[in-house]
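Working notes for the structure below.
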Amino acid sequence: MNKLDELFDQFYDHALTDSVKAVGPVERKLTLKTGLLNLLGDFSQLEEEMLTAKPELLEKREFPEYTRELFLFPITPLLECKMYVLTPKSEQNFYPSVLALHGHGYGVKEIVGLKENGGEEDDGEPGIHQYFAVKLVKKGGLKVFAPEVIGFGGERMLTRDIKQGKQNSCEAMATNLLMEGKTLAGLRIWEARQVLSYMEKHPDVNADKLGMMGFSGGALVTAYTAALDLRVKATVLTGFTNTFRGSIMAMRHCIDNYVPGILNFAELPEWISLIAPRALFIEAGDKDPIFPHRSVLEAIKEIEEAYHNRPEKFAYDIFPGSHEISGRKAYDWLKNQLL
1375 MNKLDELFDQ FYDHALTDSV KAVGPVERKL TLKTGLLNLL GDFSQLEEEM LTAKPELLEK
1435 REFPEYTREL FLFPITPLLE CKMYVLTPKS EQNFYPSVLA LHGHGYGVKE IVGLKENGGE
1495 EDDGEPGIHQ YFAVKLVKKG GLKVFAPEVI GFGGERMLTR DIKQGKQNSC EAMATNLLME
1555 GKTLAGLRIW EARQVLSYME KHPDVNADKL GMMGFSGGAL VTAYTAALDL RVKATVLTGF
1615 TNTFRGSIMA MRHCIDNYVP GILNFAELPE WISLIAPRAL FIEAGDKDPI FPHRSVLEAI
1675 KEIEEAYHNR PEKFAYDIFP GSHEISGRKA YDWLKNQLL
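Following this note's numbering, the numbering of the sequence shown begins with 1375 at its first residue and continues without gaps.
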């Protein structure tokens, strides 16, 4: 360790030492939630421009166990997203439902059983996302809503990045928003909450049984959305739970992970703990190179303390693997929490 390493360690320590204080646990939680909303940025302008138009059905495909529909979801005159909806073929009138959020890669196709070129899942092995939206509908009997996260998938990218052949617009969008006092995380979380609003009004959705599952960057959006939105009754985080110091401050990560000033309030485990006492499942590969195992265990230990009065609502699985979805326990856990 050289002098500059020591200096930046001091910066980190001082940020936590000087973090915003509150009188008691209830006040602390309220302070953090209010602080998080402010840190993410003000997107009230979008709320003033929201449309009331219904999503347009673009495509429908039948499978033996479920139906997959693709909708164009209008949000504002300048903001729309494509969203896959996967519905089990069962006799239920109302389905417990999950908002599924992908991470970095080629977009939402990566979780709904499609290859980047549009080919179906039987064309080859799934990637690190493991087509997890399909697994949820097949194994869990859950209705799944899977939107294209802004910044991915070509049609939700900025023109300059499309022309340059980039896979996403994370850097361009994030840097522009940072200059305006906003964050890309904040925009994605705002959108996720609009999808939750759509889900709870859907005619065959049980609005009292809404869950979320996210992987990597999608888990970031999932964690903060669930922390802020009490409609989310059960949450699965894969390839994300860690400490800031052990992950995004220790190595190179996409800029969409960074929220200016967030460490002046709390470290990542405490932010995730805002989900308590609602149900939470953490999944992590023991060889994940960008969210290291040691810091995963450190985070889990702290989060577990937030569930000391409701231990049955918290579970985790450290599986043999890298930065990827497993689902070996998570799918059944989510199903049991919502059914």
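All residues carry an ideal CB built from backbone N, CA and C; glycine is no exception.
Short Cβ contact (8 Å threshold) for residue i with residue j
i, j, result
"Ala1658", "Thr1615", "yes"
"Lys1607", "Gly1635", "no"
"Val1595", "Leu1708", "no"
"Ile1656", "Tyr1690", "yes"
"Asp1662", "Gly1613", "yes"
"Tyr1705", "Leu1475", "no"
"Lys1703", "Leu1654", "no"
"Glu1490", "Tyr1480", "yes"
"Phe1618", "Glu1641", "yes"
"Ala1566", "Glu1574", "no"
"Glu1522", "Lys1456", "yes"
"Ile1677", "Pro1643", "yes"
"Glu1529", "His1503", "no"
"Leu1602", "Lys1403", "no"
"Leu1446", "Glu1439", "no"
"Val1569", "Leu1712", "no"
"Lys1517", "Thr1461", "yes"
"Ser1669", "Gly1701", "no"
"Gly1487", "Tyr1505", "yes"
"Trp1564", "Leu1420", "yes"
"Phe1437", "Ser1471", "no"
Three-way DSSP call (helix, strand, coil) for residue i in this model
i, result
"Ile1622", "coil"
"Pro1462", "strand"
"Ile1449", "strand"
"Val1633", "coil"
"Pro1438", "coil"
"Asp1660", "coil"
"Asp1520", "Sequence check: residue 1520 is Ala here, not Asp. In the structure shown, Ala1520 sits in a strand (DSSP, three-state: E or B)."
"Glu1490", "coil"
"Ala1427", "coil"
"Pro1500", "coil"
"Val1472", "strand"
"Ala1330", "This structure does not reach residue 1330, given that the chain is present from 1375 up to 1713, and the question cannot be answered."
"Glu1443", "strand"
"Lys1512", "helix"
"Phe1526", "strand"
"Glu1433", "strand"
"Phe1417", "coil"
"Lys1395", "coil"
"Glu1454", "strand"
"Phe1385", "helix"
"Phe1639", "coil"
"Phe1665", "coil"
Beta-carbon proximity list for residue i, same chain, < 7 Å, skipping 5 on both sides
i, result
"His1478", "Asn1542, Ser1590, Gly1591 and Cys1628"
"Gly1560", "Leu1414, Gly1415 and Phe1417"
"Arg1435", "Arg1442"
"Met1424", "Ile1449 and Thr1450"
"Ser1393", "Asn1638, Phe1639 and Ala1640"
"Lys1512", "Glu1439 and Tyr1440"
With 16 other Cβ atoms within 10 Å as the buried cut-off, status of residue i
i, result
"Arg1562", "buried"
"Val1459", "buried"
"Ser1647", "buried"
"Ser1571", "exposed"
"Glu1698", "buried"
"Gly1588", "buried"
"Ala1680", "buried"
"Asn1683", "exposed"
"Gly1555", "exposed"
"Gly1514", "buried"
"Phe1385", "exposed"
"Asn1710", "exposed"
"Leu1378", "exposed"
Spatial neighbours of residue i in its chain, beta-carbon cut-off 6 Å, leaving aside the 5 residues before and after
i, result
"Ala1389", "Leu1637 and Asn1638"
"Met1547", "Gly1525 and Leu1558"
"Ile1692", "Ala1658 and Asp1660"
"Glu1433", "Leu1444"
"Gly1695", "Gly1659"
"Lys1537", "none"
"Ala1597", "Leu1611 and Ile1646"
"Ala1673", "Thr1615, Asn1616, Thr1617 and Pro1643"
"Leu1532", "Ser1543 and Ala1546"
Residues near residue i by beta carbon distance below 8 Å, same chain, minus five either side
i, result
"Arg1605", "Leu1570, Glu1574, Ala1581 and Leu1584"
"Gly1527", "Lys1456, Tyr1480, Gly1481, Val1482 and Lys1483"
"Gly1409", "Val1394 and Phe1639"
"Lys1540", "Met1531"
Complete runs of the beta strand (DSSP E) confined to the region 1679-1706 [at least 3 residues]: The qualifying runs are 1688-1693.
Secondary structure, beta strand (DSSP E): runs of 3+ residues fully inside the region 1531-1569: none
Only counting runs of 3 or more residues, tell me where the beta strand (DSSP E) segments fall wholly within the region 1572-1622, in order along the chain. The beta strand (DSSP E) runs lying completely inside the region 1572-1622 and spanning 3 residues or more are 1579-1589 and 1606-1612, given in chain order.
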